[in-house]
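Participant: Let me give you the structure first, and then I'll get to my questions.
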Amino acid sequence: MSVTGGPSVALATEKHHRRNVQYAYYCYSDNKYLAFLKDYGGLLDVDSILQAIRALPTPFNSTNSQVVQKYKDFFQRFGTHVIVKVNYGAHLQLVPDYDGIPSGGTHDFNIKSATSFKKYQELKQHLNSIYGGDGTLAKLLVTAPTYTTFEKWRDTSQPKTVLLSFVVEELWSLMKGSLNNEISAFGTTIQQAFEWIVNNPKVHKTVVALIIESDWAEFGLLTPSAIIVMGDKIPEMTEHNEMKLTWGKEKSHKSGRQQIDFYVINDGYPIDFYISHGRNGGGDGNGSARINMEGETYINDQLTDNNYNTMWFYQKGVSP
């Protein structure tokens with residue numbers, strides 16, 4: 001989902017992406033509806049905001065944890081931004097593929113054996129996601145994408161729309177434009193508090209267990225700002241980096257039961273991730289892999305494509 005707004009949106013997005021990692025996006029959007037607020041500057045709940053800002057300590061003191069928490073509570077109640085425009089339609093995000101170079105050029109087939117390319121393959125992550133359109137076609141397009149399936153899904157995108165994007169306005173900008181002098185004067189303090197909180201996130205360490213009943217399984221983070229940190233005991237046949245954790249050997253049919261304990265480190269916001277697994281040996285068993293995290297269990301026991309059998313999980317809670 002796309003979010004557009006002022007400098008604070010860019011600041012938050014930048015904090016969501018790590019500087020030592022490269023990102024690329026390929027998206028297809030089919031827009032249908034656009035809705036927006038007119039004259040929204042006067043829609044502030046003046047009485048509630050006045051009561052709230054009068055209870056806040058001033059000036060904002062970032063060295064006092066109790067003061068910081070009070071401002072966080074304010075943002076928890078009123079938010080940080082106001083949605084002023086929304087767009088409905090269908091959206092497809094895929095990893096693009098192509099065969100050859102239509103405009104000419106040469107291929108270096110030796111690149112696949114290069115150490116740097118092998119390292120890239122080990123570290124790369126990708127996310128296929130589709131919003132809107134026919135759900136059955138969308139699932140097929142994610143697991144086994146073809147252009148024919150894309151065309152069929154595209155034909156269903158207009159009748160079945162979802163929220164695609166929105167434009168936001170900073171709360172403090174609306175406060176600064178308020179006709180109430182007290183609210184207008186407090187807008188700068190709210191802005192200072194927001195910018196400090198975004199630039200100084202608290203580190204959250206979440207205990208996670210990957211439990212496998214298969215010949216192979218993989219857990220991967222899809223949230224750029226989160227990383228994996230391994231525990232003290234790392235089972236044999238385990239490979240890992242900051243973004244994904246793999247155990248076993250694909251299609252080996254040597255099924256086993258394994259538990260791998262590790263941590264996810266991030267800023268406390270919910271995370272997106274995927275779970276993939278192989279089959280349960282050479283028999284009829286489907287195999288499974290599940291994640292235990294913060295008292296919740298996220299299980300993948302389906303044969304979605306009989307290859308990587310991937311399931312995606314979005315906005316799952318971490319340690320508070």
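The numbers in the UniProt record's numbering rise by one with no breaks, and the one at position 281 of the sequence shown is 281.
The beta carbon of each residue, even a glycine, is placed where N, CA and C say it ideally should be.
1. Which residue from L56, L221, L34 and Y120 puts its Cα closest to that of F186?
2. Which full runs of the alpha helix (DSSP H) of 4+ residues lie inside the region 168-215, going along the chain?
3. What does DSSP give as the partner residue(s) for D301 in the beta ladder?
4. Measuring straight from C-alpha to C-alpha, what distance separates H81 and V168?
5. Just curious, the beta strand (DSSP E) that V86 is in, first and last residue?
6. CB-CB under 7 Å to K152, same chain, minus the five flanking residues each way: which ones, in chain order?
7. Leaving out five residues before and five after N300 in sequence, what residues of the same chain have Cβ atoms less than 8 Å from its Cβ?
8. Just the Cα atoms here: how many angstroms apart are T149 and L140?
9. Using CA atoms only, rank isn't needed, just tell me which of N87, F273, K124 and A193 is closest to F36.
10. E296 and S319: beta carbons closer than 8 Å?
11. Look up E151 in the DSSP assignment and say whether it is helix, strand or coil.
12. Report the rounded CA-to-CA distance for G281 versus K124, giving the unit in angstroms.
13. Among residues of its own chain, excluding the 5 on either side of Y40, which ones have a beta-carbon nearer than 6 Å to its beta-carbon?
14. Quick one: give me the first and last residue of the alpha helix (DSSP H) that K139 is part of.
15. Tell me D30's beta-bridge partners as DSSP assigns them.
16. Do you know how far the Cα of I265 is from the Cα of T206?
17. Compute the distance between the beta-carbons of T189 and P59, then report whether it is under 8 Å.
18. What's the C-alpha gap between L171 and N181?
19. Which whole-angstrom value is the C-beta distance of residue 369 and F262, which I expect to be below 8 Å?
20. Using the rule of at least 16 other Cβ atoms within 10 Å of the residue's Cβ for burial, across every protein chain shown, is I53 buried or exposed?
Facilitator: Quick look at the numbers:
1. Here the question's residue 186 lines up with position 186 in the sequence shown. Comparing Cα-Cα distances from F186 to each of L56, L221, L34 and Y120, the minimum goes to L56.
2. Listed in chain order, the complete alpha helix (DSSP H) runs (minimum 4 residues) inside the region 168-215 are 171-176 and 181-199.
3. Residue 301 sits at position 301 when you count from the first residue of the sequence shown. Its beta-bridge partners do not exist; DSSP assigns none.
4. Locating residue 81 in the sequence shown gives position 81, where the first residue counts as 1. Locating residue 168 in the sequence shown gives position 168, where the first residue counts as 1. Rounded to whole angstroms, the separation of the alpha carbons of V168 and H81 is 6 Å.
5. Taking the sequence shown and counting its residues from 1, the one referred to as residue 86 is at position 86. From DSSP, the beta strand (DSSP E) with V86 extends over H81 to Q93.
6. For the purposes of this step, residue 152 is taken as residue 152 along the sequence shown, with counting starting at 1. Apart from the 5 residues on each side of it in sequence, K152 sits with its Cβ closer than 7 Å to the Cβ of L137 in its chain, given in chain order.
7. Along the sequence shown, one-based indexing puts residue 300 at 300. I275, S276, H277, S288, A289, R290, N309, T310 and M311, listed in sequence order.
8. To locate residue 149, count along the sequence shown from 1; it is residue 149. To locate residue 140, count along the sequence shown from 1; it is residue 140. Approximately 8 Å, taken between the alpha carbons.
9. Here residue 36 is taken as the residue at index 36 of the sequence shown, counted from 1. Among N87, F273, K124 and A193, the Cα nearest to that of F36 is on N87.
10. If you number the sequence shown from 1, residue 296 lands on position 296. If you number the sequence shown from 1, residue 319 lands on position 319. Result no, Cβ atoms of E296 and S319 do not sit closer than 8 Å.
11. To locate residue 151, count along the sequence shown from 1; it is residue 151. The three-state secondary structure of E151, taken from DSSP, is helix.
12. As a first step, residue 281 is located in the sequence shown; it is residue number 281 there, counting from the start. As a first step, residue 124 is located in the sequence shown; it is residue number 124 there, counting from the start. Only weak support is given to the placement of G281: the predicted model assigns it a pLDDT of 47, under 50, and the value that follows is read from those uncertain coordinates. Rounded to whole angstroms, the separation of the alpha carbons of K124 and G281 is 28 Å.
13. Position 40 of the sequence shown, counted from the start, is the residue given in the question as residue 40. Listed in chain order, the non-local C-beta contacts of Y40 below 6 Å within the same chain comprise V84, local neighbours out to five positions each way being set aside.
14. Taking the first residue of the sequence shown as position 1, residue 139 is located at position 139. Where K139 is concerned, the enclosing alpha helix (DSSP H) starts and stops at G135 to T143.
15. Counting from one through the sequence shown, the residue named residue 30 turns up at place 30. Its beta-bridge partners are A90.
16. Here residue 206 refers to the residue found at position 206 when the sequence shown is read from its first residue. Here residue 265 refers to the residue found at position 265 when the sequence shown is read from its first residue. Computed Cα separation, rounded: 6 Å.
17. As a first step, residue 189 is located in the sequence shown; it is residue number 189 there, counting from the start. As a first step, residue 59 is located in the sequence shown; it is residue number 59 there, counting from the start. Yes.
18. Numbered from 1 along the sequence shown, position 171 holds the residue referred to as residue 171. Numbered from 1 along the sequence shown, position 181 holds the residue referred to as residue 181. Taken atom to atom, the span from the alpha-carbon of L171 to that of N181 is near 15 Å.
19. There is simply no residue 369 to check, as the chain begins at 1 and stops at 320 in what is shown.
20. Your numbering for residue 53 matches position 53 in the sequence shown. Here I53 is buried. Its C-beta has 16 or more other C-beta atoms within 10 Å.
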